[in-house]
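Presented below is the structure to which this report refers.
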Amino acid sequence: MKVTPAALAATAAATAALAVTLVLDPAPTRASAAVPSPSAAPPAAAIPLGAAPVAQVGKGGVPAAPTPSAASPSSATPASSASPASAARPSGPCALSGLRAGASEAAATPKGYARSSGTVRALTLLIDFPDVRAPLTPEARYGEFFPATAEFFRASSYGRLDYRSTPRLKWIRMPRSFASYGIKRGASFVPGTDTGYYALSRDLVSAVDDEVDFRDYDVVNVLATPNAGPPATRTVLSGSFSGGNLGLRTKDGVPLSNVSFMWSRQTGESAFRALNHENAHTFGLPDLYFTDGRKAPPPVGHWDPMDEDWGPDNDFLGWHKWKLGWLRPGQVECAARPGAVTEHTLTPTRSADGTKIVVIPVSARAAFVLEARERGRLDPSVCRAGVLITWVRTDVPSGRGPIRTVDATPRSRGCYASDENVDTELSDAQFLPGQRFTDRESGAAVTVLGRDAHDNYRVRVRAARVPGKPKD
Ligand SMILES: [Zn+2]
């Protein structure tokens with residue numbers, strides 16, 4: 050989960066490049082086992098990424114309320130206008146604008162990122178090195194990630210992301226030693242250089258270009274033999290390069306882009322999700338955890354794999370599902386009319402139907418987002434049911450805390466403590482029936498009215514007084 054602005058030199062290729070983001074990922078949060086100092090910041094923080102000679106990217110609960118049906122009869126405005134049932138792109142007053150380059154929480158994703166709904170085709174390659182030979186079969190390494198990664202996306206997207214991985218089930222022996230590429234945390238992708246990810250990618254493309262048509266794929270996964278480099282519990286090397294032309298052209302006339310490199314292994318259950326996290330970057334999602342080394346608690350906690358992707362499964366935030374095209378029009382309700390009081394019915398995240406999020410914009414670039422998070426297949430560690438409120442900022446870059454969870458029970462120490470990869474404090478962050486949240490500054494307010502027998506929540510919302518104006 051660690052991001053950094055990427056490095057692209059000003060080459061001819063880079064000139065045409067869009068904003069390309071190098072994402073270094075993810076670091077174990079408090080990975081129990083192998084992290085030497087448990088209370089220390091993630092190991093990765095020690096690397097002065099920001100100081101690296103990386104050019105700025107080219108340019109680049111209470112009484113249950115009656116909740117009859119999923120379709121809420123609220124007076125809220127549908128956020129999206131009619132569009133095909135499958136891939137509804139965010140629209141309407143709640144589709145916040147924001148940063149235009151790189152991965153951000155802005156509702157629209159810039160060109161150059163991979164499509165995130167419908168059929169997404171992934172080419173999955175496996176590599177090893179003359180000095181670090183694979184100790185397992187390619188099938189075994191591939192099996193660490195598939196079909197789990199694709200199934201996770203299918204479930205989280207309610208079937209709207211049909212992720213198809215085409216593997217080349219053989220170890221592609223790189224022509225040079227692992228050491229010679231200089232792959233370390235923070236290694237860059239600089240066109241024309243003979244080290245780092247550019248050199249590695251150049252050699253990899255060269256090895257498979259005759260047999261692979263890169264035009265057939267939306268994303269590329271590179272699974273390195275797990276014994277190359279340090280264990281992920283010590284230093285996370287995995288990362289992705291996404292968002293545009295990296296400056297490496299294939300024989301098929303398309304540039305290599307939206308590529309994720311997976312090194313070593315995460316520990317514990319659902320280790321495959323590191324790939325979901327990396328692929329989500331290629332879909333345009335930013336890192337939610339702090340990548341700048343600050344000593345601060347996780348901003349979102351286990352409520353989204355872009356903050357925590359170690360430990361038990363966790364589903365994506367509803368805001369992310371909207372951004373990725375996984376919600377139908379009408380599943381997002383927008384409380385944008387200044388000061389208006391509306392009522393809404395939220396169905397639990399685990400269910401494909403009904404209203405998934407209510408958005409209360411506070412400015413053109415900030416909103417509170419409500420969703421009903423309950424224990425479910427993708428949320429096995431949820432220890433308290435209720436309405437989760439998050440604070441989304443579309444003008445805050447990846448890795449700087451673009452989303453914060455509003456904690457209904459500050460300093461409670463949470464309700465889940467059986468896995469150190471789950472932030473405990475925020476595990477009981479949801480609001481229960483009878484509880485109210487008010488943002489004094491904007492006047493926005495949320496009251497959880499009740500929960501019915503189907504775990505649907507009725508909420509009353511007061512919109513912000515003057516939405517639409519950036520307050521900063
Ligand atoms: Zn990340």
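Per the working numbering, the sequence shown starts with residue 50, numbered consecutively.
Cβ coordinates follow ideal geometry from the N, Cα and C atoms, glycine included.
Check your understanding: Cβ-heavy atom distance between Asp336 and ligand 3 below 7 angstroms?
Key -> With respect to ligand 3, the structure offers nothing, as its ligand set consists of ligand 1.
Exercise for review: Let me know if Trp186 comes out buried or exposed under the rule of 16 or more other beta-carbons within 10 Å of its beta-carbon.
Suggested key: Residue 186 is actually Thr in this sequence, not Trp. By the neighbour-count rule (16 or more Cβ atoms within 10 Å), Thr186 is not buried but exposed.
Check your understanding: Within 7 angstroms: the Cβ of His351 and any heavy atom of ligand 1?
Key -> Not under cutoff, so the answer is no.
Practice item. State the Cα-Cα distance for the pair Arg222 and Ala171, rounded to the nearest angstrom. Key: Their Cα atoms are separated by approximately 21 angstroms.
Point to revise | N-terminal and C-terminal residue of the alpha helix (DSSP H) that Pro187 is part of | key: Pro187 -> alpha helix (DSSP H) spans 187-192.
Review point. Whose C-beta lies closer than 8 angstroms to the C-beta of Lys314 among residues of the same chain, with five residues either side of it excluded?
Key: Reading off the sequence, residue 314 comes out as Arg, not Lys. These residues qualify, in order along the chain: Glu193, Pro275, Pro280, Ala281, Ala320.
Point to revise | Identified DSSP bridge partners for Ile232 | key: According to DSSP, which records beta bridges pairwise, Ile232 is partnered with nothing at all.
Review point. Looking at the structure shown, is Asn325 part of a helix, part of a strand, or coil, going by DSSP?
Key: In this structure, Asn325 counts as helix in the three-state DSSP scheme.
Exercise for review: May I have the straight-line CA-CA distance separating Arg462 from Pro184, to the nearest angstrom?
Suggested key: 42 angstroms
Check your understanding: Are there three or more Cβ pairs, one per stretch, closer than 8 angstroms when the segment 462-473 is compared with the segment 395-408?
Key -> no
Exercise for review: State the Cα-Cα distance for the pair Tyr506 and Thr340, rounded to the nearest angstrom.
Suggested key: 34 angstroms
Practice item. Quick one: grab the DSSP three-state call for Val515. Key: coil
Check your understanding: In the segment 432-511, which residue ranges form an unbroken beta strand (DSSP E) of at least 3 residues, counting only runs that do not cross its ends?
Key -> 435-442, 452-455, 485-487, 494-500, 506-511
Check your understanding: Around the C-beta of Ser146, are 16 or more other C-beta atoms found within 10 angstroms, so that it is buried, or is it exposed?
Key -> By the neighbour-count rule (16 or more Cβ atoms within 10 Å), Ser146 is not buried but exposed.
Review point. Should His369 be listed as close to ligand 1, given that the test is whether its C-beta is under 7 angstroms from any heavy atom?
Key: No, Cβ of His369 sits at least 7 angstroms from all heavy atoms of ligand 1.
Review point. Is His503 near ligand 1, in the sense that its beta carbon is under 7 angstroms from a heavy atom of that ligand?
Key: Because no heavy atom of ligand 1 lies under 7 angstroms away, the Cβ of His503 does not count as near it: no.
Check your understanding: Are Asp246 and Phe178 closer than 8 angstroms when you measure CB to CB?
Key -> First, the residue type needs correcting, since residue 246 is Tyr and not Asp in the sequence shown. Not a contact, by the Cβ cut-off of 8 angstroms.
Point to revise | Local conformation of Val303 per DSSP, three classes | key: coil
Check your understanding: Can you list, in chain order, the residues of its chain whose CB lies under 7 angstroms from that of Arg509, leaving out five sequence neighbours each side?
Key -> Val390, Glu392, Thr496, Leu498
Review point. By how many angstroms is the C-alpha of Pro346 removed from the C-alpha of Pro335?
Key: 18 angstroms
Review point. Going straight from the alpha carbon of Val271 to that of Gly302, what length do you get?
Key: 20 angstroms
Exercise for review: Hey, could you find the ends of the alpha helix (DSSP H) Gly245 is sitting in?
Suggested key: 245-257
Check your understanding: Taking buried to mean at least 16 other C-beta atoms within 10 Å of its own C-beta, is Gly483 buried or exposed?
Key -> exposed
Review point. Between Asp181 and Phe227, is the Cβ-Cβ spacing less than 8 angstroms?
Key: The question names Asp, yet the displayed sequence has Val at residue 181. Yes, the pair counts as a contact, with Cβ atoms nearer than the cut-off.
Practice item. Tell me where the alpha helix (DSSP H) around Arg203 begins and ends. Key: 197-205
Point to revise | Expected contact under 8 angstroms - CB spacing of Arg442 and Ala413 to nearest Å | key: The Cβ separation is near 11 angstroms, so there is no contact.
Practice item. Starting from the Cα of Pro139, find the closest Cα among Gly374, Ala277, Ala204, Ser467 and give me that residue. Key: Gly374
**Study point:** Proximity to Ala385 [Cα-Cα], best of Leu366, Val411, Asp362
**Key:** Ranking the options by Cα distance to Ala385, first place goes to Val411.
**Study point:** Proximal residues to Asp477 (C-beta, below 6 angstroms), its chain only, five neighbours per side dropped
**Key:** Arg433, Thr458, Ser461, Gly463, Cys464
Check your understanding: Is His326 near ligand 1, judged by its Cβ being under 7 angstroms from some heavy atom?
Key -> yes
Review point. When DSSP labels each residue in this structure, what does Phe227 get in the three-state scheme?
Key: helix
Check your understanding: Secondary structure at Thr284, three-state DSSP: helix, strand or coil?
Key -> Here Thr284 sits in coil by DSSP.
**Study point:** Nearest residue (CA-CA) to Ala493, options Ile232, Ser166, Gly161, Trp440
**Key:** Trp440
Check your understanding: Going by Cα to Cα distance, which pick from Trp220, Gly241, Asp444 is closest to Thr148?
Key -> Note that residue 148 is Leu in the sequence shown, not Thr. Nearest C-alpha to Leu148: Asp444.
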